[in-house]
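Protein chains in written order, with this note's numbering: chain A, 817 to 1000; chain B, 817 to 1000; chain C, 817 to 1000.
Cβ atoms here follow ideal geometry from the backbone N, Cα and C, with glycine treated the same way.
Okay, so here's the structure we're looking at.
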Amino acid sequence: MSNDAPAKIGLVTVSDRASRGEYEDRGGPAMKACLAEFLSTPFEALSRIVPDEQPLIEAVLKELTLQGCSLIVTTGGTGPARRDVTVEATEAVCQKMMPGFGELMRQVSLEKVPTAILSRQEAGIHFPEEGPGALIVNLPGSPKAIRECLIAVFPAIPYCVDLIEGPYLETNEDVVVAFRPKKK
Amino acid sequence: MSNDAPAKIGLVTVSDRASRGEYEDRGGPAMKACLAEFLSTPFEALSRIVPDEQPLIEAVLKELTLQGCSLIVTTGGTGPARRDVTVEATEAVCQKMMPGFGELMRQVSLEKVPTAILSRQEAGIHFPEEGPGALIVNLPGSPKAIRECLIAVFPAIPYCVDLIEGPYLETNEDVVVAFRPKKK
Amino acid sequence: MSNDAPAKIGLVTVSDRASRGEYEDRGGPAMKACLAEFLSTPFEALSRIVPDEQPLIEAVLKELTLQGCSLIVTTGGTGPARRDVTVEATEAVCQKMMPGFGELMRQVSLEKVPTAILSRQEAGIHFPEEGPGALIVNLPGSPKAIRECLIAVFPAIPYCVDLIEGPYLETNEDVVVAFRPKKK
Chain A
817 MSNDAPAKIG LVTVSDRASR GEYEDRGGPA MKACLAEFLS TPFEALSRIV PDEQPLIEAV
877 LKELTLQGCS LIVTTGGTGP ARRDVTVEAT EAVCQKMMPG FGELMRQVSL EKVPTAILSR
937 QEAGIHFPEE GPGALIVNLP GSPKAIRECL IAVFPAIPYC VDLIEGPYLE TNEDVVVAFR
997 PKKK
Chain B
817 MSNDAPAKIG LVTVSDRASR GEYEDRGGPA MKACLAEFLS TPFEALSRIV PDEQPLIEAV
877 LKELTLQGCS LIVTTGGTGP ARRDVTVEAT EAVCQKMMPG FGELMRQVSL EKVPTAILSR
937 QEAGIHFPEE GPGALIVNLP GSPKAIRECL IAVFPAIPYC VDLIEGPYLE TNEDVVVAFR
997 PKKK
Chain C
817 MSNDAPAKIG LVTVSDRASR GEYEDRGGPA MKACLAEFLS TPFEALSRIV PDEQPLIEAV
877 LKELTLQGCS LIVTTGGTGP ARRDVTVEAT EAVCQKMMPG FGELMRQVSL EKVPTAILSR
937 QEAGIHFPEE GPGALIVNLP GSPKAIRECL IAVFPAIPYC VDLIEGPYLE TNEDVVVAFR
997 PKKK
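Okay, structure coming up:
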């Protein structure tokens, strides 16, 4: 993949109210601000707002992968309520789940609030029939919690994107140091 | 839901020997004692003893939900042996699993015994076709381990029960402080 | 099971290149060296090298169980890439997954490298139609990481093997102390 084109990153806000315009989307801009802070590689953000409907969330995750996003972050829909289905949609489109992401994000959130265990957030890889895969990472709904979770797992994200044949991502090392094992 | 009626809580002891009366059920009373210690809200305990048979465990979890239990705790049947099927029954009736509960309970148990990793205990939400859901939490078999695990996750339980439209639970704050995010 | 015959332990290296002989298998010998260091019980190692093909990995896990292995350790194939399918093969043959193993192994690896969350390694029990089950533990590909992960979970392995009716394993207590709960 050419290093000249900016890396494409999908930002998905899952919210009934935001999708109807009843509520300002604060999660999408918060995710975009984190990525701008963490990444030194230029990137193009593809933003989507969808209601809490599993088929619609699945469709947008697939569409963003086909658009060339190797990393997709979502906000909202990870709780225990009936309409919280972002995790179900993620599991439905991912051939591989990555349990370490959810474990670590809950662990860092647990240092802040005991209700962190109510978040079912996960990460996984969606491989389309052809072409590179997309790492999908579920983030919480609250803008403050978005940053806490994303910064915790971000050091592993550039290498993960390498392994699924995505673009070479570099970070602002004063904020996040990406880790890549030394070539043998 | 009226705050006047006591909250209903299901207590399920899963044990072949206890169900045949060959063995005194110690897990059920231990769970009840914990709830009496942790909760200031009056509650009615619905106690059941079932053998290690997956269909019977599933049936009792559904029955207790239909009886109005918004919280069901189980003891026994979480190990690696062939007949340990409480986790399988829980997964079969729950539409949503909550991995953070099992992760945290194993983590606190691991501070006591290295065999904590052999416990497959989980939590999840069973939603019946109509009406409020039930949070089901698998606890270990040993009475001492029951308290250690339940007190670790209890701060998140009242808010979880709120989110699935159950009764408003309050705790004895000198023992367990329930956490609820501030209304925005 | 007689204590006179050595315990059988399966060692499975999953690697396309090692299976074609293009690459020396370093994971298999590293796992064997760990077991020789940790166990005082005599054991017979049954070593296998298979390519990253899910049906072939499943077949070798079943074959080793039928050969009498109550413990099988694997190396390789736990990452996020398309051809990393050791975890999928393990899940396909195991009736019971043991999430505590993966959680703990990722946690100890995370103290070394932030990319530990990219490892999807798990453990589970494969029960054949008849006879004792086998505990299958996925380990990373790197020899150094193999020891770090295996020593973290090893204190729980002998008791787990007891619970699935395998041989009584004893450890070199200056390296690893096996924990067994006291009989009641």
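Check                                                                                                                                                                      : Outcome
Checking 7 angstroms against the spacing of the C-beta atoms, do B:Ile-825 and B:Phe-859 come in under that value?                                                         : yes
For C:Gly-837, which of C:Pro-971, C:Arg-864, C:Met-913 has the nearest alpha-carbon?                                                                                      : C:Arg-864
Does DSSP put C:Ser-925 in a helix, in a strand, or in coil?                                                                                                               : helix
Inspect the CB distances between the stretch 842-849 of chain A and the stretch 973-984 of chain A and report whether three or more fall short of 8 angstroms.             : no
Leaving out the 5 sequence neighbours to the left and right, which residues in its chain are closer than 6 angstroms to C:Arg-996 when beta-carbon positions are compared? : Tyr-975
With a threshold of 7 angstroms between beta-carbons, can C:Leu-934 be considered close to chain A, or not?                                                                : yes
Reducing DSSP to helix, strand and coil, say where B:Ala-897 ends up.                                                                                                      : coil
Note down the Cα distance separating B:Leu-827 from C:Gly-982, rounded to an integer number of angstroms.                                                                  : 33 angstroms
Anything in the stretch 948-977 of chain A with a Cβ closer than 7 angstroms to a Cβ of chain B? List those residues in chain order, please.                               : none
Which residues does DSSP pair with C:Leu-955 in a beta bridge?                                                                                                             : C:Thr-891
Let's test the definition: count the other Cβ atoms within 10 Å of the Cβ of C:Pro-971 and tell me whether it reaches 16, buried, or not, exposed.                         : buried
Distance cutoff 7 angstroms, beta carbons only. Does C:Thr-857 sit that close to anything in chain A?                                                                      : no
A:Gln-824 lies in the beta strand (DSSP E); which residues open and close that run?                                                                                        : One detail in the question is off: residue 824 of chain A reads as Lys in this sequence, not Gln. Per DSSP, A:Lys-824 belongs to the beta strand (DSSP E) from 823-830.
Can you give me, in chain order, the residues of the stretch 886-902 of chain B that have a beta carbon less than 8 angstroms from any beta carbon in chain C?             : Gly-895, Pro-896, Ala-897, Arg-898, Asp-900
Report yes if the CB atom of A:Thr-902 is closer than 7 angstroms to the CB atom of A:Leu-955, and no otherwise.                                                           : no
Who are the neighbours of B:Gly-918 on chain C, taking C-beta pairs under 7 angstroms?                                                                                     : Pro-915
List the residues of chain A that B:Lys-878 touches, going by C-beta distances under 7 angstroms, in chain order.                                                          : In chain order: nothing, as chain A lies at least about 17 angstroms away.
Curious, which full-length alpha helix (DSSP H) runs of at least 4 residues does the stretch 826-860 of chain C contain?                                                   : 832-835, 843-854
Is the stretch 896-910 of chain B touching the stretch 915-926 of chain C, taking contact as three or more C-beta pairs under 8 angstroms?                                 : no
Does any residue of chain B have a CB that is nearer than 7 angstroms to the CB of A:Arg-833?                                                                              : no
By alpha-carbon positions, which one of A:Ala-852, A:Ile-933, A:Gln-870 ends up nearest to A:Arg-899?                                                                      : A:Gln-870
Using a Cβ-Cβ cut-off of less than 7 angstroms, give me the residues of the stretch 981-999 of chain A that come near chain B, in sequence order.                          : none
With 7 angstroms as the threshold, decide whether the Cβ of A:Leu-979 is near any Cβ in chain C.                                                                           : yes
For B:Val-866, count neighbouring Cβ atoms within 10 angstroms of its own Cβ and tell me buried if that reaches 16, exposed if not.                                        : buried
Report yes if the C-beta distance between A:Val-830 and A:Gly-893 is below 7 angstroms; otherwise report no.                                                               : yes
Taking three-plus beta-carbon pairs below 8 angstroms as touching, is the stretch 961-969 of chain B in contact with the stretch 916-936 of chain B?                       : yes
With 16 as the cutoff for other CB atoms within 10 Å, does B:Val-993 come out buried or exposed?                                                                           : exposed
Taking the beta carbon of C:Arg-936 as the centre, do at least 16 other beta carbons fall within 10 Å, making it buried, or is it exposed?                                 : buried
Check each candidate in A:Ala-821, A:Leu-951, A:Glu-986 and name the one with the smallest Cα separation from A:Leu-979.                                                   : A:Leu-951
Output the boundary residues of the beta strand (DSSP E) element that contains B:Ala-932.                                                                                  : Taken as a continuous stretch (DSSP letters only), B:Ala-932 belongs to no beta strand (DSSP E), as it is neither H nor E.
Return the CA-CA distance between B:Ile-933 and B:Ala-939, expressed in angstroms with no decimal places.                                                                  : 16 angstroms
So who's on the other strand from C:Leu-862, going by DSSP bridges?                                                                                                        : C:Gly-826
Could you tell me whether any Cβ in chain B is nearer than 7 angstroms to the Cβ of C:Lys-912?                                                                             : yes
Taking 7 angstroms as the CB-CB cut-off, is A:Ser-818 touching chain B?                                                                                                    : The predicted model places A:Ser-818 with a pLDDT of 48, which falls under 50 and marks its position as unreliable; any figure quoted below should be read in that light. Not one chain B Cβ lies under 7 angstroms of A:Ser-818.
Using the beta-carbon of each residue, which ones in chain E are nearer than 9 angstroms to C:Arg-922?                                                                     : The structure shown contains no chain E; the protein chains it does contain are A, B and C.
What does the alpha-carbon distance come out to for the pair B:Ala-821 and B:Ser-886?                                                                                      : 13 angstroms
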